[in-house]
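Colleague:
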Amino acid sequence: MVLLSSVAAIVMATLVIIVRIKAAKKPATLRKIILPPIFMSTGSLMFLFPMFQVTPLQVIEAVSVGAIFSIFLIKTSQFEVRENEIYLKRSKAFIFILFGLLILRIILKSLLSATIDVGELSGMFYLLALGMIIPWRVAMFLSFKKLNDQLIQQPTI
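Following our numbering, the numbering of the sequence shown begins with 1 at its first residue and continues without gaps.
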């Protein structure tokens, strides 16, 4: 089960990188920034099933680790203005950070799976991912909004 979820994580990380590269070719929008965490939040329904329920301490641990990991994503997600549009800057570091976080996640999952039930561990890693994506997207939202406000206030020639 741990091996299968690790393979799935590698596939997802690869898809994220492909999506990120394609996204850098098109102007960013608030919708593209806000929707991913909203779509991901539907996964919270997993906690309706006892197998996936976690303790309050596990929630705090997972969300805290996710928030720490989000710092790396925030630092590599910068916007730039091109042709009076806002684009996400391509960052080579982002790819390495994403795969570094993935490797760390796989190592942690392998170590923790010996002591924590697979369902609980799945819930914790879901919370870790949510704890990572929400601060990252909030930071992107604020950065985009600031740059967009500057563009709006710029006089047109």
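Each residue gets a CB set at the ideal place from its N, CA and C atoms; glycine is no exception.
Name the DSSP bridge partner or partners of Arg82?
Modeller: Within the sequence shown, numbered from 1, the residue matching residue 82 stands at position 82. The partner list for Arg82 (beta bridge, DSSP) reads Glu85.
Colleague: Would you check if the distance between the CB atom of Met9 and the CB atom of Arg105 is smaller than 8 Å?
Modeller: Your numbering for residue 9 matches position 9 in the sequence shown. Your numbering for residue 105 matches position 105 in the sequence shown. Residue identity differs from the one stated: residue 9 is Ala in this sequence, not Met. Against a cut-off of 8 Å, the Cβ pair of Arg105 and Ala9 comes out as a contact.
Colleague: Out of Val81, Tyr126, Phe94 and Ala114, which has the shortest C-alpha to C-alpha gap to Phe144?
Modeller: As a first step, residue 144 must be located in the sequence shown, where it is residue number 144. Among Val81, Tyr126, Phe94 and Ala114, the Cα nearest to that of Phe144 is on Val81.
Colleague: Label Gly123 either buried or exposed according to how many other C-beta atoms from any shown protein chain fall within 10 Å of its C-beta, with 16 as the threshold for buried.
Modeller: Sequence index remark: in the sequence shown, residue 123 carries index 123 (1-based). Classification of Gly123: buried, given that the 10 Å Cβ count is 16 or more.
Colleague: Per the contact definition of three or more C-beta pairs closer than 8 Å, is the region 10-18 in contact with the region 114-131?
Modeller: Counting Cβ pairs under 8 Å, fewer than three are found: no touch.
Colleague: Using only alpha-carbon positions, find the residue among Leu102, Ile74, Val65 and Pro56 that is nearest to Ser91.
Modeller: To locate residue 91, count along the sequence shown from 1; it is residue 91. Looking at the Cα atoms, Ile74 is the closest of the given residues.
Colleague: Closest by CA to Ile95, which one among Met140, Ile21, Leu121 and Pro56?
Modeller: Indexing the sequence shown from 1 puts residue 95 at position 95. The option with the nearest alpha carbon to Ile95 is Ile21.
Colleague: For Asp149 and Val118, I'd like the C-alpha separation in whole angstroms.
Modeller: Sequence index remark: in the sequence shown, residue 149 carries index 149 (1-based). Sequence index remark: in the sequence shown, residue 118 carries index 118 (1-based). Roughly 46 Å between the two C-alpha positions.
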